[in-house]
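Residue numbers for the sequence shown follow UniProt numbering, so the first one is 1 and each next one is one higher. Every residue, glycine too, gets a C-beta built ideally from N, C-alpha and C. Have a look at the structure below before the remarks.
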Amino acid sequence: MDERDSSTTMHGQYKVRGGKLVSVELSAEDGRIGTAHVFGDFFLEPDDALEDLNAALEGMSTEATAAELSAAVTARLETRPDPVEMIGFDAEAVAIATRRALGHASSWEDLTFDVIPAVSLPPVMHVALDEVLPHEVIAGRRRPHFRIWDWDSPLVVIGSYQSLSNEIDAEGARKHGIGVVRRITGGGAMFMEQGNCITYSLVVPTSLVEGLSFEQAYAYLDDWVMGALAEIGVKAHYVPLNDIASEQGKIGGAAQRRFAGGVLLHHVTMSYDIDADKMGEVLRIGKEKLSDKGTRSANKRVDPMRSQTGLAREQIIDGFLDFFRARYDTVDSTYTEDELEKARELVETKFSTETWTNRVP
């Protein structure tokens, strides 16, 4: 018997980013929520509005979406004669916790992650692996995973929808011997030389961000790295839609791709120590990129991670790995030869081709 059609008590939790923990315990029978109890360390005024939260969920279909559950909670509260204040949480948080209780959404605690430390490869291989590995997760051959990129040669990785000619100064790229590859996610260009950036990829089931908007999903999946940055002395915050910044300016940016098989790719590149002069010659919009990172003069280096921490790049990477392992259930792993072979094939048939690179001329 499906537990959603039994009277067994089910439990779900959702921690609001920057807010409070919301828990829901419920029973279900014949495809409907029977009893529901919402509780947590949030604040709610007036006190008796808690009963309305419970009542809003009772009788709802066990297949109701997060949007439908949230709308039911909101509608119930709006029937009260007095205004309700939900402090540290909202109707969406109640809905997500309910979906998790019903088994439709997952939490970090439900997952075991493969952790793949930095392996030096041609950077285009990492671009290809970002397409290969999500399909391995979909096929059940690979767990959700967190991996660090490392590379042995320079490359500019442009976003899937960027104009090649508008983004890249071809003469500057030739002068410095820097190639260009288009990745499968949107967003801006990644100017990658050996040791100048810190890049990681996170592949998770889309159920982990069930009920979250695209904007919320970006911040939610990088919440762990805010703690990791704090441990190395960087007070960071998220700037919607997809930027990570400190008090001194932008540190890095994220990009995502959702796959039809129920898997999400989320990756981030952070500036460690970039040659701003060279970047300004290779990227046509170099001045804007420099100002975005708090650097006004091209005769400087873009080095928010190095200057703010005083740590070697390898120390920061080790700190990220240690923090992730301590926070989540993990298993150390590495790339299989089959995964690498699939990535090599994609490099040859897709990522190194003019057809793909020039898809947006």
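On a CA-only basis, which of Ala230, Asp222, Thr349, Thr62 is nearest Gly34? Give me that one, please. Here residue 34 corresponds to residue number 34 of the sequence shown, with the count starting at 1. With distances taken between Cα atoms, Gly34 lies closest to Thr62.
May I ask you to list the residues that DSSP assigns as paired with Thr112? As a first step, residue 112 is located in the sequence shown; it is residue number 112 there, counting from the start. Answer is Asp329.
Once you ignore the five residues that flank Met190 on each side, which residues in its own chain have a CB closer than 6 Å to its CB? Working through the sequence shown from its first residue, we reach residue 190 at position 190. Excluding residues within five positions, the ones whose Cβ falls inside 6 Å are Val157, Thr269.
Is there a Cβ of chain D sitting closer than 7 Å to that of Val22, yes or no? No chain D appears in the structure shown, which is made up of a single protein chain.
Own chain residues within Cβ distance below 7 Å of Gly252, not counting five before or after: Counting from one through the sequence shown, the residue named residue 252 turns up at place 252. Cβ neighbours of Gly252 beyond the five flanking positions: Ile244, Val268, Thr269, Met270, Ser271.
Figure out for me which residue from Glu247, Gly12, Phe323 has the closest Cα to the Cα of Phe146. Along the sequence shown, read from residue 1 onward, the residue named residue 146 stands at position 146. Phe146 has its Cα closest to that of Phe323, out of Glu247, Gly12, Phe323.
Along the chain, where does the alpha helix (DSSP H) containing Ile232 start, and where does it finish? To locate residue 232, count along the sequence shown from 1; it is residue 232. Per DSSP, Ile232 belongs to no alpha helix (DSSP H) and is neither H nor E.
Can you have a look at His11 and say buried or exposed, based on whether 16 or more other CB atoms are within 10 angstroms of its CB? Along the sequence shown, read from residue 1 onward, the residue named residue 11 stands at position 11. With fewer than 16 Cβ atoms within 10 Å of its Cβ, His11 is classed as exposed.
Does the distance from the CB of Thr112 to the CB of Asp329 come in under 7 Å? Taking the first residue of the sequence shown as position 1, residue 112 is located at position 112. Taking the first residue of the sequence shown as position 1, residue 329 is located at position 329. Their beta carbons are under 7 Å apart, which means Thr112 touches Asp329 by this criterion.
Buried or exposed: which applies to Gly280, given that a residue is buried once 16 or more other Cβ atoms fall within 10 Å of its Cβ? Counting from 1 along the sequence shown, the entry for residue 280 is found at position 280. Its Cβ being crowded by 16 or more others within 10 Å, Gly280 is buried.
Distance, Cα to Cα, Trp149 vs Thr199? Looking up residue 149 in the sequence shown gives position 149. Looking up residue 199 in the sequence shown gives position 199. Answer to the nearest angstrom: the Cα atoms are 5 Å apart.
Status (buried if at least 16 other CB within 10 Å, exposed otherwise) for Lys293: For the purposes of this step, residue 293 is identified with residue 293 of the sequence shown, where counting begins at 1. Model confidence at Lys293 stands at a pLDDT of 49, short of 50, so the residue's coordinates are unreliable and nothing is read from them.
Looking at the unbroken alpha helix (DSSP H) that takes in Tyr161, where does it start and where does it end? If you number the sequence shown from 1, residue 161 lands on position 161. Tyr161 -> no alpha helix (DSSP H), and no H or E assigned at all.
Collapsed DSSP secondary structure at Arg17 in the structure displayed: To locate residue 17, count along the sequence shown from 1; it is residue 17. In this structure, Arg17 counts as coil in the three-state DSSP scheme.
For Lys342, tell me which candidate among His126, Thr9, Leu50 has the shortest Cα-Cα distance. Taking the sequence shown and counting its residues from 1, the one referred to as residue 342 is at position 342. Checking every option, the nearest Cα to that of Lys342 belongs to His126.
Between the segment 15–26 and the segment 90–103, do three or more beta carbon pairs fall short of 8 Å? The segment 15–26 makes contact with the segment 90–103; the number of CB pairs closer than 8 Å reaches 3 or more.
Any 3 or more C-beta pairs closer than 8 Å across the segment 70–79 and the segment 43–58: A contact exists between the segment 70–79 and the segment 43–58.
Between the segment 110–124 and the segment 223–243, can you find at least three pairs of beta-carbon atoms closer than 8 Å? No contact exists between the segment 223–243 and the segment 110–124.
Let's test the definition: count the other Cβ atoms within 10 Å of the Cβ of Val239 and tell me whether it reaches 16, buried, or not, exposed. Walking along the sequence shown from the start, residue 239 turns up at place 239. Exposed, by the Cβ-count rule.
Report the three-state DSSP secondary structure of Leu69 (helix, strand or coil). Residue numbering aside, residue 69 sits at position 69 when the sequence shown is read from its first letter. Residue state, collapsed to three classes: helix.
Can you tell me whether DSSP reads Thr206 as helix, strand or coil? The residue given as residue 206 occupies position 206 in the sequence shown. Thr206: helix per DSSP, three-state reduction.
Within the segment 110–189, ranges of the beta strand (DSSP E) (whole runs, at least 3 residues): 112–121, 145–151, 155–158, 179–182
Relative to the C-alpha of Phe214, which residue among Arg80, Thr309, Ser352, Ala255 is closest? Your numbering for residue 214 matches position 214 in the sequence shown. The option with the nearest alpha carbon to Phe214 is Ala255.
Rounded separation between Asp303 and Ile274 - CA only: Here residue 303 is taken as the residue at index 303 of the sequence shown, counted from 1. Here residue 274 is taken as the residue at index 274 of the sequence shown, counted from 1. Taking the straight line from one Cα to the other gives about 6 Å.
Between the segment 34–51 and the segment 82–91, do three or more beta carbon pairs fall short of 8 Å? yes
Reference Ala257; option with closest CA among Leu202, Glu210, Arg99: Here residue 257 refers to the residue found at position 257 when the sequence shown is read from its first residue. According to the sequence shown, residue 257 is Arg rather than Ala. Comparing Cα positions, the closest option is Leu202.
If you draw a straight line from the alpha carbon of Gln216 to that of Glu68, how long is it in whole angstroms? Against the sequence shown, residue 216 aligns to sequence position 216. Against the sequence shown, residue 68 aligns to sequence position 68. Spanning the two alpha carbons is a distance of roughly 18 Å.
Please report the distance separating the alpha-carbon of Ala128 from that of Glu354. Locating residue 128 in the sequence shown gives position 128, counting from the first residue. Locating residue 354 in the sequence shown gives position 354, counting from the first residue. Straight-line Cα distance between these residues: approximately 15 Å.
By Cβ distance below 6 Å, which residues in the same chain neighbour Gly179 in space, the five residues on each side in sequence not counted? Taking the sequence shown and counting its residues from 1, the one referred to as residue 179 is at position 179. Leaving aside the five residues that flank Gly179 on each side, the residues in its chain whose CB is nearer than 6 Å to its CB run, in chain order, Leu155.
Assign Asp186 to one of two classes, buried (16 or more other C-beta atoms within 10 Å of its C-beta) or exposed (fewer than that). By one-based count along the sequence shown, residue 186 stands at place 186. Before going further, note that residue 186 is Gly rather than Asp in the sequence given. Result: exposed.
Does Leu346 come out as helix, strand or coil in the three-state DSSP assignment? What you label residue 346 is simply residue 346 of the sequence shown in a count that begins at 1. Leu346 falls in the helix class under three-state DSSP.
Measure the C-alpha to C-alpha separation of Asp223 and Glu78 and round it to an integer number of angstroms. Position 223 of the sequence shown, counting from 1, holds the residue named residue 223. Position 78 of the sequence shown, counting from 1, holds the residue named residue 78. Cα to Cα, Asp223 sits roughly 32 Å from Glu78.
Are the Cβ atoms of Asp88 and Phe42 separated by less than 7 Å? Taking the first residue of the sequence shown as position 1, residue 88 is located at position 88. Taking the first residue of the sequence shown as position 1, residue 42 is located at position 42. The amino acid at residue 88 is misidentified as Asp; the sequence shows Gly. Yes. Within cutoff.
Simplified DSSP state of Gly319, which is helix, strand or coil: The residue labelled residue 319 in the question sits at position 319 within the sequence shown. Of the three classes helix, strand and coil, the one that applies to Gly319 here is helix, per DSSP.
Let me know if Glu136 comes out buried or exposed under the rule of 16 or more other beta-carbons within 10 Å of its beta-carbon. In the sequence shown, residue 136 corresponds to position 136, counting from 1. That one is buried.
According to DSSP, what are the bridge partners of Glu29? Within the sequence shown, residue 29 is the residue found at index 29, counting from 1. DSSP, once it has assigned bridges, lists Arg32 as partnering Glu29.
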